[in-house]
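Residues 1 to 426 in the numbering used here are what the sequence shown lists, from first letter to last.
We put the CB at the ideal spot given by N, CA and C, even for glycine.
As structure tokens, the structure follows; a few thoughts come after it.
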Amino acid sequence: MLKMNLFKQLCLIVLVSLFTACHEQELPTKERTEDFILLQNDAHFEGLVSSLKGNTNQRTATNYLNAVDLSRAITWYDSATAATFYSANLVTDVPSIKTSFLLSENEAGEVNGLIIEYILDVDWYNSLDEFPGWNAYNGQLKIRSMEGAVLYSTEIENGATKKLSNQRLSSYTCVTYNTVVGQTCAGPGGQEVCYPVYEMVTECFPTGSEGGGGTINMADHAWQTLPKRAILEVDYVLDPPGTLPKVCGDGMVSDGNGECVPKPDPCDTGNNILDSEEIQSDLLKIWSGSNANNGDIPMDERLEQGGWIIEINGGYDVVFFPPTFLRDPCGMSPPSNWKDLIPDNIVGYVHSHPFYIGENTMGPCGTGGETSYKGGPSRPDYVFLTELMNHLSNFSIKGYVIDGNKIYSYDYRYSIGIVKYNRCGY
């Protein structure tokens with residue numbers, strides 16, 4: 001069966017990248033070992049993936065499973081959880097996102113799935129002649145459920161965690177390092193030269209409480225094998241030095257992006273989505289990321305931001321659009337495969353217009369701008385919503401726009417379907 005409560009185990013070990021070829025090794029046996037073994041076209045692994053496909057009608061999960069590279073996988077047995085783990089790459093056409101699939105099978109035959117994304121900073125990635133190694137990595141690390149919901153997300157700069165983008169997930173500690181999985185040899189017989197083959201490993205485990213975001217350095221453990229569960233033990237109950245969240249003064253609150261902003265008025269609109277505290281926290285992150293906290297910021301320095309609104313665990317959350325949604329002050333351009341990125345439990349989508357009523361947006365937006373910004377959804381917003389509805393055959397989905405003055409919900413009926421709310425929550 002496909003299990004979605006993925007972090008209930010003591011520790012999840014994730015191999016994120018398979019870069020170097022390795023000679024074929026003996027298949028794993030059910031002994032209590034944590035050695036990493038390379039599998040090539042392994043029938044059992046293929047069977048597990050196939051069984052997952054047959055036991056889910058979730059579109060996002062099926063898309064993930066169809067993209068699994070079945071020709072190569074790394075496997076290991078974790079004695080602490082009595083489970084066998086498999087990790088394989090997902091084949092995608094987005095070079096700036098490196099994605100892998102983690103599968104665990106316990107002794108009762110229950111199977112869990114998890115998706116790991118390394119989203120490379122596009123400007124950093126485009127400046128490279130060759131990949132410099134993960135200790136110089138710039139971008140994001142995201143851990144997703146099989147439905148596509150973000151379970152853990154952090155930004156990484158020069159190999160070190162910069163900030164957690166989801167504070168309620170800060171009770172998990174993740175650390176990335178390299179481990180030896182075998183060797184590769186070259187040269188004539190008797191004169192072979194062999195080198196160790198390294199794979200990058202990300203380990204995540206719960207620390208037992210909610211709390212501030214810690215700092216994890218991807219380079220700290222590079223090129224060495226570490227004992228399992230003896231890795232960067234961070235106690236979030238105590239919040240040791242260097243891991244404290246940003247402390248804001250009276251009347252201020254963290255915007256989720258490392259800055260303190262005036263505490264916004266809470267939403268009391270009668271709209272269940274907008275009145276959700278989690279959604280309001282996400283709106284604050286979206287608005288902060290739009291760089292439009294006040295009208296003095298030059299308009300060409302602002303950006304539209306947004307994400308899918310999903311229903312999960314009896315509440316609502318936002319799955320933020322990845323960097324492949326190209327942004328500017330006047331719009332976002334989704335990638336060609338954007339329909340494959342839609343979560344199954346979507347109920348809407350939200351994005352920002354980083355302007356204030358009355359601003360002249362002709363400068364950054366050209367003929368698509370207004371001499372006096374009026375607010376509300378634009379024609380391209382309706383087109384995108386209509387495409388989304390038609391693709392899902394779901395016409396109850398709502399779009400939401402936030403700007404410097406108001407929140408707007410809208411549906412396929414254009415202006416007749418607009419509901420305006422006073423700015424709140426961000």
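Thinking residue i and residue j are a contact (beta carbons under 8 Å), I'd like their distance in whole angstroms, please.
{"i": "residue 48", "j": "residue 65", "result": "Wrong, their Cβ atoms sit about 10 Å apart, outside the cutoff."}
{"i": "residue 408", "j": "residue 376", "result": "5 Å"}
{"i": "residue 147", "j": "residue 343", "result": "6 Å"}
{"i": "residue 425", "j": "residue 262", "result": "At roughly 13 Å, the Cβ-Cβ gap does not stay under 8 Å, so residue 425 and residue 262 are not in contact."}
{"i": "residue 315", "j": "residue 278", "result": "6 Å"}
{"i": "residue 73", "j": "residue 50", "result": "Actually they are not in contact, since the Cβ atoms of residue 73 and residue 50 sit about 14 Å apart, beyond 8 Å."}
Among the options, which has the Cα closest to the Cα of residue i?
{"i": "residue 325", "options": "97, 277, 155", "result": "97"}
{"i": "residue 119", "options": "107, 153, 106, 109", "result": "153"}
{"i": "residue 348", "options": "384, 113, 334", "result": "384"}
{"i": "residue 318", "options": "280, 42, 411", "result": "280"}
{"i": "residue 331", "options": "127, 366, 417, 159", "result": "366"}
{"i": "residue 144", "options": "132, 122, 155, 115", "result": "115"}
{"i": "residue 312", "options": "387, 421, 346, 379", "result": "346"}
{"i": "residue 414", "options": "388, 379, 393", "result": "379"}
{"i": "residue 141", "options": "79, 110, 159, 393", "result": "159"}
{"i": "residue 39", "options": "109, 251, 89", "result": "89"}
{"i": "residue 340", "options": "387, 381, 372", "result": "387"}
{"i": "residue 272", "options": "79, 124, 421", "result": "421"}
{"i": "residue 69", "options": "41, 94, 54", "result": "41"}
{"i": "residue 391", "options": "309, 406, 338", "result": "338"}
Take residue i and list the residues in its own chain whose beta-carbon comes closer than 7 Å to its own, dropping the five residues that flank it on each side.
{"i": "residue 238", "result": "At residue 238, the pLDDT of 25 sits below 50, so the modelled position is not reliable and the matter cannot be decided from this model."}
{"i": "residue 92", "result": "67, 99"}
{"i": "residue 320", "result": "307"}
{"i": "residue 59", "result": "344"}
{"i": "residue 157", "result": "138"}
{"i": "residue 150", "result": "142, 144, 166, 319"}
{"i": "residue 412", "result": "385, 386, 389, 395"}
Given a threshold of 16 other Cβ atoms within 10 Å of its Cβ, counted over all protein chains shown, does residue i qualify as buried or as exposed?
{"i": "residue 398", "result": "buried"}
{"i": "residue 99", "result": "buried"}
{"i": "residue 249", "result": "exposed"}
{"i": "residue 285", "result": "buried"}
{"i": "residue 327", "result": "buried"}
{"i": "residue 295", "result": "exposed"}
{"i": "residue 75", "result": "buried"}
{"i": "residue 43", "result": "exposed"}
{"i": "residue 84", "result": "buried"}
{"i": "residue 297", "result": "exposed"}
{"i": "residue 288", "result": "buried"}
{"i": "residue 254", "result": "buried"}
{"i": "residue 45", "result": "buried"}
{"i": "residue 368", "result": "exposed"}
{"i": "residue 292", "result": "buried"}
{"i": "residue 416", "result": "exposed"}
{"i": "residue 395", "result": "exposed"}
{"i": "residue 283", "result": "buried"}
{"i": "residue 155", "result": "buried"}
Residues in the same chain with beta-carbon distance under 8 Å from residue i, minus the five sequence neighbours each way, listed in chain order, please.
{"i": "residue 290", "result": "302, 303, 304, 305, 352, 354"}
{"i": "residue 299", "result": "329, 354, 355, 359, 361, 363, 364"}
{"i": "residue 381", "result": "351, 399, 401, 410"}
{"i": "residue 32", "result": "For residue 32, the predicted model reports a pLDDT of 33, less than 50, meaning its position is unreliable and no value from the coordinates is stated."}
{"i": "residue 122", "result": "96, 323"}
Are there any heavy atoms of the ligand GDP lying less than 8 Å away from the beta-carbon of residue i, as far as the coordinates show?
{"i": "residue 396", "result": "Looking at this structure, you won't find the ligand GDP or any other ligand, since it has none at all."}
Within its chain, find whatever has a CB closer than 6 Å to the CB of residue i; leave out the 5 residues flanking it on each side and keep chain order.
{"i": "residue 335", "result": "324"}
{"i": "residue 104", "result": "83, 85, 112"}
{"i": "residue 267", "result": "274, 275, 280, 424, 425"}
{"i": "residue 419", "result": "409"}
{"i": "residue 333", "result": "326"}
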